[in-house]
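Here is the structure we will look at, set down as structure tokens.
Residue numbers (the UniProt record's numbering): 1 to 303.
Set out below in structure tokens:
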């Protein structure tokens with residue numbers, strides 16, 4: 001079985017918490033992640049939107065674009081508005097041969113609002129969830145028809161956060177919308193990562209290997225503290241530095257024959273946790289557990 005290891009630039013630049021950003025260029029971010037061993041990077045705010053500009057930068061760094069976040073609003077807005085906004089991203093991602101676009105629902109989400117406590121997240125009724133799931137499926141099918149598959153990202157403080165919400169979304173959606181399984185977000189929400197893989201492995205096409213510091217999460221007052229408060233306190237980290245058993249998680253993916261990207265997405269304070277050092281910790285741990293699970297990790301970057 002083959003796998004690829006990527007990173008998210010959120011370890012260097014945090015779009016929601018400026019104070020958790022390191023003042024490094026795109027080129028330096030790519031250089032650091034590649035020197036740690038990673039061959040892919042998800043899109044961040046300092047990436048150019050012109051493929052003719054992006055491709056030489058990626059090629060020089062020997063790094064491929066392995067995904068990127070789209071802020072979807074289908075829970076509130078219509079398909080046409082989201083199609084218009086995602087079309088340039090589809091064109092870009094096709095031009096640089098990215099594997100997928102990560103769909104993150106921001107409609108009714110409080111993930112970017114530090115004034116909103118975790119306990120105040122929006123909850124969809126059963127009928128709303130059914131309608132939403134069908135709508136996202138239709139959108140996913142349309143994107144795939146344009147030549148770029150989506151990967152649905154369940155997320156803290158969003159309408160699909162808890163494991164039972166993920167189960168409901170998956171039940172009422174179809175194979176036209178694949179799933180991004182994020183170990184850290186599911187663990188933060190109190191879910192069982194291994195059970196979720198068991199239940200939804202057939203739809204998983206992208207994986208975020210985000211670790212958590214459960215001592216930080218368990219210490220939160222969810223009636224007062226927000227998702228961004230949790231991030232600032234250090235709720236997330238890289239594999240090998242947190243509380244999750246990635247040996248078991250990776251073995252579970254291997255059991256189901258998953259092949260594809262495993263992306264480290266670990267937003268935290270770069271001053272307390274220098275991104276290069278954390279990238280090296282995460283890569284070392286992932287190589288250890290992936291080798292043990294029978295994966296061959298691809299070492300070639302841009303090709």
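The C-beta atom is built at its ideal place from N, Cα and C for all residues, glycine as well.
Beta-carbon proximity list for residue i, same chain, < 6 Å, skipping 5 on both sides
i	result
residue 200	170, 179
residue 143	150
residue 208	182, 263, 265
residue 29	9, 12
Reduced DSSP secondary structure (H/G/I, E/B, other) of residue i
i	result
residue 152	strand
residue 12	coil
residue 207	strand
residue 118	helix
residue 237	strand
residue 17	coil
residue 29	helix
Cα-Cα separation, residue i to residue j
i	j	result
residue 268	residue 231	6 Å
residue 110	residue 240	29 Å
residue 137	residue 175	7 Å
residue 89	residue 73	15 Å
residue 14	residue 122	24 Å
residue 47	residue 177	26 Å
residue 108	residue 115	14 Å
residue 237	residue 155	16 Å
residue 103	residue 87	13 Å
residue 277	residue 134	42 Å
residue 242	residue 302	30 Å
Per DSSP, cross-strand counterpart(s) of residue i
i	result
residue 105	72
residue 188	For residue 188, which the question treats as bridged, DSSP gives no partner whatsoever.
residue 3	260, 297
residue 41	7, 65
residue 179	152, 204
residue 212	236
7 Å CB neighbourhood of residue i in its chain, flanking five on each side removed
i	result
residue 250	289, 290, 293
residue 187	193, 212, 244
Candidates the options, of which the one nearest residue i by Cα
i	options	result
residue 165	141, 144, 190, 115	190
residue 195	206, 256, 217, 234	256
residue 253	300, 155, 216, 197	197
residue 141	125, 100, 120, 118	100
residue 145	119, 106, 163, 83	83
residue 17	60, 112, 52	112
Proximity test, residue i beta-carbon vs the ligand MG heavy atom, cut-off 6 Å
i	result
residue 119	Looking for the ligand MG in the displayed structure turns up nothing, as the structure carries no ligands at all.
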